[in-house]
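The structure appears right after this line, and notes come after that.
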Amino acid sequence: MNNGKPNWWSRPSSAPEAARIPAPPSSGDGDGDFPLPAPHPPTTPPAPAPEPAGTDLRAAGPAGAEARAAEAEAEAETTGTGTGTGPQAPEPVAAGSPDPAPSVVLTKGEPRDPAPEEVPHVQDPAPTPAPQAQTQAQPLHAPDEYRTPPYGEPGPWAPAPPVQRPPAPVPPHPHPQGPAPWTQYDPWGVGGPALPPPPAKKSRRGLAVAGALVFALITGVIGGGIGAYVERNGGLTTVELPQSDAKDTGRAPESVAGIAASALPGVVTLHVRGGGSSGTGTGFVLDTKGHILTNNHVVDGARSSADISVTFSSGETARAKLVGKDTGYDLAVVQVTGVSGLKPLPLGNSDGVRVGDPVVAIGAPFDLSNTVTSGIISAKERPITAGGEKGDGSDVSYVDALQTDAPINPGNSGGPLLDSKARVIGINSAIRAAGGSGGDGEGGGASQPGSIGLGFAIPINQGKRVAEELINTGKATHPVIGVSLDMQYSGDGARVGQKGKDGTASVTPGGPAAKAGLRPGDVITKVDGQRVHNGEELIVKIRAHRPGDRLELTLERDGKELTKTLTLGSSQGT
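Using my numbering, the letters of the sequence shown map in sequence onto residues 4 to 577.
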């Protein structure tokens, strides 16, 4: 290399490499050999047109050399390998000097590319110095220490292998369980950071799971709303509950419901005004004429029929007039007129009642009309007294009562006490209240009026007799024995007083007691064999009979027990 151009033939070639170099054409007579022109940069020349067989490709002799020089100059201009000052002349060859190496001549009928073994060894010609006046040509490319052709196919010798550099290290995959991501391989890289992996695609499975969760949430909210609505409103449709046949209303006549159904139409509620006060009580129908039996203390304040109002269980209301009353028995009869469809209650027999028999009480406690309660007969022949508000004893009633635990309260007074066959066996009249001192009617001045299971009723046998007398005569008679009792006696029994009221004799002359032989100071202990403990009990036992009934009295006189028999007298009641 003497002018900046690479010298392509400066190194001998081996036989296989020389075989690949095309041989120059020659004349037919073997003259005009010329050195091989310098190879041009690899370009793709157009395919030469075919020449007739058996003709020389190039002319021999000087004409052929000129032609070849012109061709080389044209090729140099075309490829740009010239110096830039004009076409470069071919290097001169000394006349008469031998060729550096034999030239290969193509003749007619010979193959274009000889076999490798037939190609002679060609020596590189000695470089010829360029004229000094000619401008030094600059190489197009920097010198290649490996003498590698810059274009096209490799030179006549094998090029050195390219420099191999290790690929850039691939960072470990962030997810050990998954495969390493694909990266772009760069064999000429310098070990810089690897290209970032492509963005991960969103998993369809994740989208499906998210959609399922959203659907489940919406479904749960809707389902919860529907459930709450169903729970509060009982369902999405109208609720129809099962119900028994309305015709199934039959009750046994002896049951409480049967007794109440039978007796309620004959029970009334009374409202009384008079004397600056008002009260409520109960009564029941005695007959179809409109007579109603009740307690005396219920209607005691009325002065005329305008003060008494009667209300039936059907709601019908009527005015009632007072027929008669009796303080000693605490009974009264009123009568309504112009009322049709009255239903009297049947009367039972109180002498046939036994302790423990079931009973039903009907009344209007605290003005709650048509109230039904039930219980049993707790005791019989309980001597009770009621009234006594006047202080002179004229308003005190003495009752040989039936005791019951059926609830009775203020407002029940005068109502019926019924047996298991809906028959009246007593008239509810008094209660024993907590804190009370006696068996007075409607609590007897007790501090806490109300039922504590101690109710008392006048036996219907006594009530029937008094009611008949009040309806027939307007007055009731009381049985008497004709003695005055010492009510202060504290011993057991009822003692006949030494003197009567206003200083009169304690034993009425010509009376039932005088005829039987009773004397002042005698202590009566039994009536018809039943023990009496005080004077009140003796009165109760006597009034439990009718005037004219015969009684057997047991008494003590001077330490001796005597038995006397007498017939009861009669007195006018008030």
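Where a beta carbon is used, it is the ideal one built from N, C-alpha and C, also for glycine.
Same chain, Cβ closer than 6 Å to residue i, neighbours up to 5 away in sequence not counted
i: K426; result: One point to set straight first is that residue 426 is Arg, not Lys, in the sequence displayed. Here the set comprises P349 and G351.
i: T314; result: T272 and T320
i: D290; result: P347
i: P361; result: I379 and S423
i: N298; result: D333, S416, G417 and S432
i: G456; result: D408
i: V375; result: A263 and I365
i: T566; result: T557
i: S573; result: T480 and P550
i: L210; result: none
For residue i, the first and last residue of its enclosing alpha helix (DSSP H)
i: Q465; result: I463 to T476
i: T568; result: Careful: T568 lies outside any alpha helix (DSSP H), inside the beta strand (DSSP E) at K563 to T570.
i: V212; result: R207 to N236
Residues bridged to residue i (per DSSP)
i: V288; result: I295
i: R426; result: According to DSSP, R426 bridges with nothing at all.
i: G282; result: V275
i: Y401; result: T388
i: A409; result: Per DSSP, none; premise fails for A409.
i: P361; result: I379
i: Q575; result: T480
i: T240; result: DSSP lists no partner for T240.
i: G417; result: In the DSSP output, where bridge partners are listed per residue, G417 has none listed.
i: L350; result: V427
i: V270; result: F287
i: F459; result: Q406 and A433
i: G355; result: BP columns for G355 are empty, so no partner.
Counted within 10 angstroms of its Cβ, other Cβ atoms place residue i as buried (16 or more) or exposed
i: Y401; result: buried
i: E392; result: exposed
i: G57; result: Low confidence applies to G57: its pLDDT is 43, below 50, so where it sits in the model is not reliable enough to give any reading.
i: K544; result: buried
i: V217; result: exposed
i: E472; result: buried
i: N412; result: buried
i: D525; result: buried
i: L371; result: exposed
i: Q658; result: There is no way to answer for residue 658, as the model of the chain reaches only from 4 to 577.
i: R306; result: exposed
i: V233; result: exposed
i: E540; result: buried
i: T241; result: exposed
i: P245; result: exposed
i: P512; result: exposed
i: T568; result: exposed
i: A382; result: exposed
i: R435; result: buried
i: G506; result: exposed
i: A367; result: buried
i: R546; result: buried
Same chain, Cβ closer than 8 Å to residue i, neighbours up to 5 away in sequence not counted
i: P256; result: I262, S265, K424 and A425
i: R322; result: S308, A309, I311, S312, V313 and V339
i: G223; result: none
Cβ shell of residue i (< 7 Å), same chain only, five flanking positions each side left out
i: G429; result: S353, L405, L420, A460, I461, P462 and I463
i: Q575; result: K478 and T480
i: R385; result: A404, Q406 and F459
i: G503; result: S487 and S509
i: S316; result: L267, P268, V270 and N373
i: D531; result: L554 and E555
i: V469; result: D329, Y332, L334 and A479
i: L345; result: V288, T291 and G293
i: D398; result: T330, G390, G391 and E392
i: G500; result: S487, L488, D489, S509 and P523
i: V535; result: G496, A497, I527, T528, K529, L541 and K544
i: T570; result: P515, G551 and R553
Span of the beta strand (DSSP E), counted from its first residue to its last, around residue i
i: I311; result: I311 to F315
i: V259; result: Unbroken run through V259 is the alpha helix (DSSP H), V259 to A266; no beta strand (DSSP E).
i: G327; result: T320 to D329
i: A249; result: Looking at the DSSP string, A249 is not in any beta strand (DSSP E), and its letter there is neither H nor E.
i: E559; result: R553 to R560
i: L334; result: L334 to V339
Open item on the list: Quick check on the DSSP output: what are the complete beta strand (DSSP E) runs of length 3 or more inside the stretch 480-548, in order along the chain?
Closed with: Runs found: 480-483 and 526-530.
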